[in-house]
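Protein chains in written order, with my numbering: chain A, 1 to 260; chain B, 1001 to 1387.
We put the beta carbon where it would ideally sit given N, CA and C, even for glycine.
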């Protein structure tokens, strides 16, 4: 397929005797929002961890943008243009909003001692550039938060922390974004608001492919173009939201077998 | 930067007054001999701090010091210089000043490891000692200029530290702490049995010579006989200033940010391209280099070192200074070093119980104020900017 951005074939991940993922094949098209649904422990987060390089798959291949990135390190995967958020917020709580977003901007920052410590010219340029980008992305997502750039993250409420996580993932302008349960720890209303903000991010959302893990079916219904249903580490079903909810196998996995 | 120019005159005056008070306090502590008076001065100081924080004076002072960093840095140097002038012929006080300055340097090195990268190092005194023994060996060759001796001391400490890198990178948390703990014990045993380095008796360290001038001789300026320690205190002060500047720059750069990120969350760091192994190596190596650097100068000042100078207890003392001052706060480190070094020296009553008192202090700190005397501030990349 020519417009496919990520192509996974036969991905399998064993933890000892447990197959968290078995023979998983799926693809994501450019500019598409793909929803991953399925019961707890069905391998959705494992899938993210395998693609983003945290786990090395037992077998299978991952092709991203024409390049084989199977078993590459998380650092390399980030540099290829895949960013993610985490189910349990993994922000640096004791650092400022700006610091956290700059961690996501790592790609553009120089790490040499000369430029960082001695001649600060390059550092100052990068600092100005980083501050401009961080302000821009925060304003695009939520203008109020842009005024709290140098506040410590631990003082902010959950929804703001999620926003910062999303800015951290998007500031490097990735081609593919993994969102791991952005609604965890938030109310329905907050989740809805956050998803609206993400989809209205203008230049950041344009052309971006998103893979979204979500239990909140309303969110899935509203934002996804296509869904993949996971069950016991395998692909149970693939299709649009309306096809998914109409499928008897999916209903069985979620609600159990109907009594005859 | 524009905030610096709007800095109020009263803030500047407040900073100067504070520096004066500190100078007077340190002078008083150094001059007073009677144990009862020392206790009085200490209790008075604690009382003054408690009362002034009740009325918000402490926060005003901290604010005016924080507002204009260049001024505060200059004042700190000025306080040290004033103390040198006041005690120009007092060997003992000048030696204590050297100890404070150089221990601070070492703890700043440990701060890069523990405070930024999160690597706990129980062998700080061992790396301090590697620098010291390097200076001892090199002092036999008079052609090597002192500044080179110091740098080589640091480099050797960094190289010795790299032996530990593999086990430290392969383990994490408590286990890598145990690796450094084992090294600290190993180092002392190695020195004890190694006759070429003087064994348990120790070894002489030649004094510094710079362009034919021997640092070990007393100096006469006009009609004043100046202690031979004065050049050493000045050298220690210069070293502390350089290292302080360097560590501050690390903190306020992308390097500091990467180190913080590695300490707080390795998984999320690696998902944003941060190379965990690289930054751990960098932090560990720089920290050991800095410890070796100060150890080399300290050994030259002592003139004679033995394994007892670099025991495991000293490593613990370095770590307790870091905890007491506030992990990650550079000024806290210096203040805590002054407290930990001066107290047992002047307060002979507690001399025998110093380890007991350190451990009690650290325990109290961990329970009641885990952030230390001066907690680390949220990072600003340029002083005076933000919020």
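Nearest-angstrom Cα separation, counted from residue j out to residue i
| i | j | result |
| --- | --- | --- |
| residue 175 of chain A | residue 81 of chain A | 5 Å |
| residue 1134 of chain B | residue 1162 of chain B | 16 Å |
| residue 59 of chain A | residue 11 of chain A | 6 Å |
| residue 1017 of chain B | residue 1299 of chain B | 36 Å |
| residue 1358 of chain B | residue 234 of chain A | 58 Å |
| residue 290 of chain A | residue 1191 of chain B | What the structure shows of chain A is the stretch from 1 to 260, and residue 290 of chain A is not part of that stretch, so it cannot be assessed. |
| residue 1088 of chain B | residue 1221 of chain B | 11 Å |
| residue 1085 of chain B | residue 1227 of chain B | 11 Å |
| residue 1003 of chain B | residue 1151 of chain B | Legend: pLDDT at residue 1003 of chain B = 44, less than 50; position of this residue unreliable, value from coordinates given subsequently. Their Cα atoms are separated by approximately 38 Å. |
| residue 1338 of chain B | residue 204 of chain A | 52 Å |
| residue 1289 of chain B | residue 1180 of chain B | 15 Å |
| residue 1214 of chain B | residue 1128 of chain B | 24 Å |
| residue 968 of chain B | residue 1081 of chain B | Outside the modelled stretch of chain B, which goes from 1001 to 1387, sits residue 968 of chain B, for which no answer is possible. |
| residue 1360 of chain B | residue 1366 of chain B | 10 Å |
| residue 1057 of chain B | residue 1246 of chain B | 31 Å |
| residue 1386 of chain B | residue 1090 of chain B | For residue 1386 of chain B, the predicted model reports a pLDDT of 44, less than 50, meaning its position is unreliable and no value from the coordinates is stated. |
| residue 1200 of chain B | residue 1187 of chain B | 12 Å |
| residue 1138 of chain B | residue 1144 of chain B | 7 Å |
Short Cβ contact (8 Å threshold) for residue i with residue j
| i | j | result |
| --- | --- | --- |
| residue 1202 of chain B | residue 1305 of chain B | yes |
| residue 92 of chain A | residue 1261 of chain B | yes |
| residue 84 of chain A | residue 1271 of chain B | yes |
| residue 1104 of chain B | residue 1250 of chain B | no |
| residue 1064 of chain B | residue 1109 of chain B | no |
| residue 212 of chain A | residue 33 of chain A | yes |
| residue 1116 of chain B | residue 1259 of chain B | yes |
| residue 53 of chain A | residue 77 of chain A | yes |
| residue 220 of chain A | residue 31 of chain A | no |
| residue 38 of chain A | residue 230 of chain A | yes |
| residue 1205 of chain B | residue 1302 of chain B | yes |
| residue 1077 of chain B | residue 1241 of chain B | yes |
| residue 1158 of chain B | residue 1314 of chain B | no |
| residue 98 of chain A | residue 149 of chain A | yes |
| residue 1045 of chain B | residue 1025 of chain B | yes |
| residue 79 of chain A | residue 107 of chain A | yes |
| residue 1166 of chain B | residue 1284 of chain B | no |
Helix, strand or coil at residue i [DSSP, three-state]
| i | result |
| --- | --- |
| residue 67 of chain A | strand |
| residue 1096 of chain B | helix |
| residue 1232 of chain B | helix |
| residue 7 of chain A | strand |
| residue 1054 of chain B | helix |
| residue 1113 of chain B | helix |
| residue 95 of chain A | coil |
| residue 261 of chain A | Shown here, chain A extends from 1 to 260; a query on residue 261 of chain A therefore has no answer. |
| residue 1386 of chain B | Bear in mind that a pLDDT of 44 at residue 1386 of chain B, under 50, signals an unreliable position, so the number given afterwards is only what the model happens to contain. Reduced to three states, the DSSP call for residue 1386 of chain B is coil. |
| residue 202 of chain A | helix |
| residue 1 of chain A | Per-residue confidence for residue 1 of chain A stands at a pLDDT of 47, beneath the threshold of 50, marking its modelled position as unreliable; no derived number is given. |
| residue 60 of chain A | strand |
| residue 193 of chain A | helix |
| residue 234 of chain A | strand |
| residue 16 of chain A | coil |
| residue 1006 of chain B | Note that residue 1006 of chain B has pLDDT 48, beneath the 50 cutoff, so the model's placement of it is unreliable and no number is given. |
| residue 1138 of chain B | helix |
| residue 1170 of chain B | helix |
| residue 100 of chain A | helix |
| residue 1243 of chain B | helix |
Residues that residue i contacts on chain A, provided the C-beta gap is smaller than 7 Å
| i | result |
| --- | --- |
| residue 1391 of chain B | Outside the shown range of chain B, which is 1001 to 1387, sits residue 1391 of chain B, and nothing can be said about it. |
| residue 1371 of chain B | Neighbours of residue 1371 of chain B on chain A: none; closest Cβ ~10 Å, over 7 Å. |
| residue 1381 of chain B | 127 |
Chain B residues whose Cβ lies nearer than 9 Å to that of residue i
| i | result |
| --- | --- |
| residue 203 of chain A | Per Cβ cutoff of 9 Å: no residues; residue 203 of chain A is ~21 Å from chain B at best. |
| residue 162 of chain A | In chain order: nothing, as chain B lies at least about 14 Å away. |
| residue 152 of chain A | 1378 |
| residue 329 of chain A | Limits of chain A in this structure are 1 at one end and 260 at the other, which puts residue 329 of chain A out of reach. |
Proximal residues of chain B, C-beta to C-beta of residue i below 8 Å
| i | result |
| --- | --- |
| residue 141 of chain A | Simply none; closest approach about 18 Å. |
| residue 122 of chain A | Neighbours of residue 122 of chain A on chain B: none; closest Cβ ~10 Å, over 8 Å. |
Under 8 Å by beta carbon: chain A residues contacting residue i
| i | result |
| --- | --- |
| residue 1246 of chain B | 117 |
In chain order, which alpha helix (DSSP H) runs of at least 4 residues are fully inside the region 111 to 190 of chain A? Within the region 111 to 190 of chain A, the complete alpha helix (DSSP H) runs of at least 4 residues are 121 to 141, 143 to 146 and 158 to 170.
In the region 79 to 93 of chain A, which residues sit with their C-beta less than 7 Å from some C-beta in chain E, listed in chain order? In the structure shown, chain E cannot be found, because the protein chains are A and B.
Restricting to runs no shorter than 4 residues, where is the alpha helix (DSSP H) found entirely within the region 1285 to 1367 of chain B? Counting only runs of 4+ residues, the alpha helix (DSSP H) found wholly inside the region 1285 to 1367 of chain B occupies 1312 to 1325, 1330 to 1346 and 1348 to 1351, in chain order.
3 or more residues per run - each beta strand (DSSP E) lying fully within the region 1187 to 1221 of chain B: Scanning the region 1187 to 1221 of chain B from its first residue to its last, the whole beta strand (DSSP E) runs of 3-plus residues come out as 1219 to 1221.
What are the uninterrupted segments assigned as alpha helix (DSSP H) that are 4 or more residues long and contained completely in the region 1027 to 1087 of chain B, given in chain order? For the region 1027 to 1087 of chain B, whole alpha helix (DSSP H) runs of length 4 or above, ordered along the chain, are 1035 to 1054, 1057 to 1067 and 1069 to 1086.
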